[in-house]
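Below is one structure, written out as structure tokens; comments come after it.
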């Protein structure tokens with residue numbers, strides 16, 4: 009935050025947010041909108057210390073509000089006389105959009121959530137006066153637009169373009185973290201011939217997690233930087249490609265490390281060391297064409313070293329060379345992509361690498377939202393509580409928003425605490441201060457300290473949930489209106505209804521499909537295997553890139569979701585790395601099959617192996633057998649190939665054997681069953697030698 | 095007996111007081127059950143907690159009508 013260098017980023021954000029809230033309130037009063045506090049709430053919802061985030065979120069808030077308001081008008085028009093159907097329609101609408109939001113990421117997800125819950129803020133206000141629904145919808149759109157515009161204006165004027173400036177720093181941090189990980193994991197592989205001590209493994213795991221976090225942060229930073237700068241947005245495809253390649257670097261380094269003693273030949277040791285040096289150089293000095301040329305030279309040296317291995321070389325040495333090739337390929341992809349990104353004349357490249365979509369989790373979130381609305385509706389109809397509509401306004405938005413949270417139960421408690429504090433603060437501000445003053449300047453002065461404190465604490469990770477709940481509900485409770493009204497009974501009823509709504513949220517997350525990180529991580533791993541089986545059908549480079557990106561995305565989620573000492577975490581991550589290796593090996597084999605002049609039987613054997621891999625989870629034994637048959641058949645025909653085709657053919661043999669080996673080693677991961685049916689992997693490799 | 099209460103001139107419905115009282119009893123009982131390691135025996139703790147709270151609330155309403 010260079011514009012206010014004497015303030016910490018937290019306080020800068022708090023001051024910007026407070027100014028934006030006051031401006032939004034002023035504009036809403038000036039335009040004589042009915043509920044100016046909603047404009048202020050909008051500012052607080054879209055507030056972010058990062059300039060680009062505010063702009064991006066504002067767009068989706070506006071779109072979500074328009075869709076939700078339109079749905080409110082329709083539902084009220086259809087079911088104004090039948091509250092049961094109206095509530096059923098609301099439950100379905102909220103459920104569907106909560107599920108949709110769970111399938112999306114970032115602000116698209118937020119837009120979908122908003123489209124869902126806006127109905128409870130608009131339509132429920134018109135339950136007693138159905139004819140006012142259109143006016144209410146328009147009023148809602150007006151206040152949200154006011155809030156969005158004020159927030160954008162203040163952000164553009166006062167908050168610097170932090171995302172654009174911070175992006176290179178985050179890139180450097182990610183590259184440094186990857187270089188640290190490569191250094192530690194490859195150094196311990198080449199220095200000792202065993203798989204390393206437990207301490208070394210733990211250090212490597214921590215380094216890998218740190219690097220994965222930094223790469224993921226890079227993805228988010230790119231999103232914000234692209235929102236701030238059109239030039240960055242135009243070339244963001246290159247960074248997305250680099251992000252995938254960085255994840256690939258982590259995976260290939262882990263695989264190379266696990267190659268163990270047989271990988272530790274002199275060439276691999278030398279080439280690994282050079283790769284680490286180049287990565288360090290990349291992190292320190294940035295990408296350049298010279299560096300890309302150096303990596304290409306290294307890649308040629310690696311190919312030459314692999315070709316020089318004679319036919320008696322151990323299969324694992326060939327496999328290790330394949331893994332090293334992958335590592336160098338990823339390093340080259342990172343360097344080339346970053347060189348293109350930093351070149352202002354580079355051709356615009358639209359690389360779309362969608363994140364994975366967790367359909368079961370989305371369905372659960374949608375169903376939970378639907379059940380929550382349904383139960384609250386039953387309660388409302390049964391009790392005929394006059395303030396019942398307000399319980400929806402508190403519970404439904406938070407229920408939908410927390411669907412994407414990794415700690416739903418804890419966050420729902422944080423929000424409840426935030427709402428409770430907001431109720432007390434609202435009482436002090438609304439009935440202690442505002443009743444003593446008049447005029448907008450004093451209103452702004454009375455509310456500012458509360459908003460300032462809330463906005464500051466919303467930048468601190470430990471208090472973000474409480475502060476967010478506080479900010480949104482504080483403004484709603486104080487409820488600056490046009491004209492201002494003071495009615496303590498109404499205030500207490502509103503507070504009580506909102507607290508009941510929030511309290512109802514706590515059991516919703518505890519009873520209906522409570523979050524289970526172990527189970528959800530196993531589901532993600534299962535989806536990864538299903539994706540691998542689909543890839544085996546047609547393992548083209550483009551499909552491999554998309555699948556690999558999603559696989560890394562899933563593995564990062566698992567790594568961040570499960571604690572470090574969880575046994576399942578290690579099993580799932582190592583299984584995931586093996587799956588990525590298999591995916592790359594299948595793609596490599598398919599590419600070689602198309603290039604090499606193979607006889608019909610060998611081609612049929614390879615095709616059969618690829619087909620068997622489409623069912624590797626159900627019939628792993630058949631897949632392993634087919635892979636071995638294909639590898640042996642290909643190897644038997646190597647002597648008949650032209651001299652320049654021998655090395656690629658041997659790489660394909662190694663790739664097929666590696667697939668079989670990894671399938672046996674990680675059988676439980678691929679089948680999802682703990683019972684082992686395949687013989688030990690290394691034994692089979694030795695038998696083949 | 096729990097009746098309407100006057101808070102700053104506003105009458106609060108009896109169910110609010112019943113709910114608050116049930117909440118306090120529930121939190122106390124939950125702490126005791128945690129100390130006894132009771133939750134290991136329960137299939138779905140969240141569901142059990144809801145049932146327990148509703149039972150306490152209903153008992154209070156029945157005992158102090």
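Chains as they are written, first to last, in the numbering used here: chain A, 9 to 697; chain B, 95 to 159. The beta carbon of each residue, even a glycine, is placed where N, CA and C say it ideally should be.
Residues of its chain near residue i, where Cβ-Cβ distance is below 7 Å and the 5 sequence neighbours each way are ignored
i	result
residue 134(A)	84, 140, 141 and 144
residue 331(A)	260, 263, 264 and 267
residue 563(A)	581 and 584
residue 641(A)	609, 610 and 613
residue 413(A)	419
residue 181(A)	222
residue 455(A)	437 and 486
Where residue i falls: helix, strand or coil (DSSP)
i	result
residue 636(A)	helix
residue 4(A)	Nothing can be reported for residue 4(A), as the shown portion of chain A is limited to 9 through 697.
residue 533(A)	helix
residue 15(A)	coil
residue 623(A)	coil
residue 337(A)	helix
residue 414(A)	coil
residue 151(B)	helix
residue 137(B)	coil
residue 198(A)	Since pLDDT at residue 198(A) reaches only 47, below the 50 mark, its modelled position is unreliable, and the value read off the structure follows with that caveat. Here residue 198(A) sits in helix by DSSP.
residue 135(A)	coil
residue 490(A)	coil
residue 467(A)	coil
residue 495(A)	coil
residue 393(A)	coil
residue 40(A)	coil
residue 248(A)	helix
residue 520(A)	coil
residue 130(B)	coil
residue 505(A)	helix
residue 148(A)	helix
residue 292(A)	helix
residue 669(A)	helix
residue 474(A)	helix
residue 55(A)	coil
residue 70(A)	helix
residue 658(A)	helix
residue 641(A)	helix
residue 89(A)	coil
residue 526(A)	helix
Own chain residues within Cβ distance below 6 Å of residue i, not counting five before or after
i	result
residue 424(A)	510
residue 630(A)	620
residue 636(A)	668
residue 47(A)	32, 36, 151, 154 and 155
residue 288(A)	187
residue 56(A)	62
residue 150(B)	116, 119 and 120
residue 521(A)	372 and 376
residue 710(A)	Nothing about residue 710(A) can be reported from this structure: the residues present for chain A run from 9 to 697 only.
residue 234(A)	240, 241 and 244
Neighbour-count burial assignment, residue i, 16 or more Cβ in a 10 Å radius
i	result
residue 148(B)	exposed
residue 145(B)	exposed
residue 405(A)	buried
residue 175(A)	buried
residue 596(A)	buried
residue 118(A)	buried
residue 292(A)	exposed
residue 542(A)	exposed
residue 90(A)	exposed
residue 390(A)	exposed
residue 607(A)	exposed
Cβ-based neighbour list, residue i, same chain, cut-off 8 Å, excluding 5 preceding and 5 following
i	result
residue 199(A)	Its pLDDT being 44, under 50, residue 199(A) is placed unreliably by the model, and the measurement read from it follows with that caveat. Contacts found: none.
Near the ligand GDP: residue i beta-carbon under 7 Å from a heavy atom
i	result
residue 410(A)	The ligand GDP is not part of this structure, which contains no ligands at all.
Handout entry: Continuous beta strand (DSSP E) assignments of at least 3 residues falling wholly in the stretch 590-615 of chain A
Key = none
Exercise for the section: May I have a chain-ordered list of the alpha helix (DSSP H) segments no shorter than 4 residues that lie completely inside the stretch 208-281 of chain A? Expected result: 238-266
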